[in-house]
Every structure is written in structure tokens, then in C-alpha cells.
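Novice:
Number of protein chains: 2
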Amino acid sequence: MTTPLPTCGVARFLVLLDGPWATLIVRELLRGPHRFTELRATLPGISPHTLTSRLRQFETHGIVTRTAHAEIPPRVVYELTPLGRELRPVLDAMAAWAAAVPAAGTPAD
Amino acid sequence: MTTPLPTCGVARFLVLLDGPWATLIVRELLRGPHRFTELRATLPGISPHTLTSRLRQFETHGIVTRTAHAEIPPRVVYELTPLGRELRPVLDAMAAWAAAVPAAGTPAD
DNA sequence: CAGCATCCTAAATGATACTG
DNA sequence: CAGTATCATTTAGGATGCTG
Numbered sequence: 624m625t626t627p628l629p630t631c632g633v634a635r636f637l638v639l640l641d642g643p644w645a646t647l648i649v650r651e652l653l654r655g656p657h658r659f660t661e662l663r664a665t666l667p668g669i670s671p672h673t674l675t676s677r678l679r680q681f682e683t684h685g686i687v688t689r690t691a692h693a694e695i696p697p698r699v700v701y702e703l704t705p706l707g708r709e710l711r712p713v714l715d716a717m718a719a720w721a722a723a724v725p726a727a728g729t730p731a732d
Numbered sequence: 624m625t626t627p628l629p630t631c632g633v634a635r636f637l638v639l640l641d642g643p644w645a646t647l648i649v650r651e652l653l654r655g656p657h658r659f660t661e662l663r664a665t666l667p668g669i670s671p672h673t674l675t676s677r678l679r680q681f682e683t684h685g686i687v688t689r690t691a692h693a694e695i696p697p698r699v700v701y702e703l704t705p706l707g708r709e710l711r712p713v714l715d716a717m718a719a720w721a722a723a724v725p726a727a728g729t730p731a732d
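Chains as they are written, first to last, in this note's numbering: chain X, 624 to 732; chain R, 624 to 732.
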């Protein structure tokens, strides 16, 4: 965005976790290291384009490590860095809020 | 988005707080009720278009109330609902994470 | 398997001008 | 004051096809 993003430290979180998929990917990685196709499988509907794009940004911002194993077939493992793992309380707070929403559908998640 | 958004309850938070301004507006409203121009003043760079759009969506989702006083000049006050106020822990968690980021700029915010 | 290249859509946002 | 209307920009995301 062209926005100056002046307001506060929260902005740092917002630019990184921009877009709905970003948060969901982090949420999956909080469960442990994942390969590319594993992430695709656990995130129904995501396109490889989007997944790659988000993972690259996470790498750049230092919340995810990418480990490529030079094998046949190739194997690439994505894992949260310590900084990335510190995002768990934020995700938990989001989930807690969503669960507390009264009329919005099935809170059974 | 055309996304199915199937994953989890967190998605409810994500669709509502979509875009960088959305979270920042809620953050300001957590400090208390605000008038339209007050919000504009506390959110440098936001356009009235964007502010109106976000506030309308917050109204629709039941996290903000809009109170219009039929006076001259008109006065409209936006205030978080109880559900909206429950977003505070989430915003706090975001801010806490951002403050914990080591190399990202001035953590003095 | 793990992408990348290319084209396209939708939505959030911005700029500017105007109104009840 | 509190918006609305219109136009343009930016970007997340999707679809498809191809490669190392």
C-alpha cells in the first residue's frame, strides 16, 4: 500500500500478515514444519502462486525458514523461526475472539 | 475474495479486520467513542472514503455502533459494541509481538 | 515435487469534488 | 460536519501452463 503506515507497532504485524491466507499459513506452520504440498493440502483452495508468494514474504521478514533438500524428487521444508512461533498468542487471541462471536454460524471450530 | 475461507474460526476475524486500516480504526475506537473527524485526525493519511467504508462494515458485523445526532452541525459518534471491545486482547497481542520484533526499526512505539 | 511465468479478477485504498 | 460519488491505483489472490 502507499499508506504511510504511521500509527503504531501494530502496523508491523499488519503488513506482514496481510491477506487472509497469510494468517492461515502461519497457523498451520505453528503445528510444525510442513512441506510445500503438505501446506497446500491443509489449506484447501489456496493456489501455488499464493502459497509461494506468502512463504517468500515470510522468509524475507524472518518468521519462516526454507530448507531445500537436493534430492529427487525435491523436498522443501518450511518451518517457523522463533520469531514466527511468537505469533501463536496472536493467533490464539483471534481464535478466542472468533469463538466468542455469538451469532455468526457454527462456533464449533 | 472468492476464497471459500473454510479453514477455521480465525477466518471470521480475518474477513472483518481485512486491510491495514481496519485494525487501526478498531485500535482507536478502543480508546473510547470517536466522531468521524476525530477518527480522521487520529488516523493520518486515511481518506473519508476508506473510513466510511470500514465503519459501515464494522456496523454490519456488529462491532461498532453509529449514533447520529440531528443537530447543526451534524454530529455522529462511533463506539465499539461489547463484541468490538472484546477485540482488545487481539490487538494487544499484535502490539506485544510487534514490540518483541528485534530488528525492524524503532520499537519505541 | 516444488515451484515460476503470465494473465486476470476483486477488493481495499487514495484523490478529488460535491452535498445534506 | 459527515459524509457520497467517481475515477484511478495497488495488491492479494486465482487460473493455467510449464520447468528443474
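Every residue, glycine too, gets a C-beta built ideally from N, C-alpha and C. Being a predicted model, the structure only gives us computed values, none of them experimental.
For the beta strand (DSSP E) that Arg650/X lies in, which residues bound it at each end?
Specialist: Here the question's residue 650/X lines up with position 27 in the first sequence. Segment 643–652 is the alpha helix (DSSP H) holding Arg650/X; no beta strand (DSSP E) there.
Novice: Distance, Cα to Cα, Asp715/X vs Thr660/R?
Specialist: Start at 1 with the first residue of the first sequence, and residue 715/X comes out as number 92. Start at 1 with the first residue of the second sequence, and residue 660/R comes out as number 37. Looking at the two C-alpha atoms, the distance is approximately 34 Å.
Novice: Can you list, in chain order, the residues of its chain with a C-beta nearer than 7 Å to that of Ile669/X? Leave out the 5 residues immediately preceding and following it.
Specialist: In the first sequence, counting from the first residue as 1, residue 669/X sits at position 46. Contacts found: Trp644, Arg663.
Novice: Kindly give me the distance between the Cβ atoms of Arg635/X and Ala721/R, rounded to whole angstroms, as I take these residues to be in contact under 8 Å.
Specialist: If you number the first sequence from 1, residue 635/X lands on position 12. If you number the second sequence from 1, residue 721/R lands on position 98. So it is a contact: roughly 4 Å between Cβ atoms.
Novice: Between Val724/R and chain X, is any beta-carbon pair separated by less than 8 Å?
Specialist: Within the second sequence, residue 724/R is the residue found at index 101, counting from 1. With 8 Å as the cut-off, Val724/R counts as an interface residue toward chain X.
Novice: Nearest to Val724/X by alpha carbon, out of Leu666/R, His684/R, Ala718/R, Ala693/R?
Specialist: Counting from 1 along the first sequence, the entry for residue 724/X is found at position 101. Measuring from the Cα of Val724/X, the nearest candidate turns out to be His684/R.
Novice: On the DSSP letters alone, give me the boundaries of the beta strand (DSSP E) that His692/R sits inside.
Specialist: As a working note, residue 692/R is residue 69 in the second sequence. 687–692 is the span of the beta strand (DSSP E), which, as asked, contains His692/R.
Novice: List the residues that DSSP assigns as beta-bridge partners of His684/R.
Specialist: By one-based count along the second sequence, residue 684/R stands at place 61. DSSP, once it has assigned bridges, lists no residue as partnering His684/R.
Novice: Is Glu661/R helix, strand or coil by DSSP?
Specialist: On the second sequence, residue 661/R is found 38 positions in, with the first residue counted as 1. In this structure, Glu661/R counts as helix in the three-state DSSP scheme.
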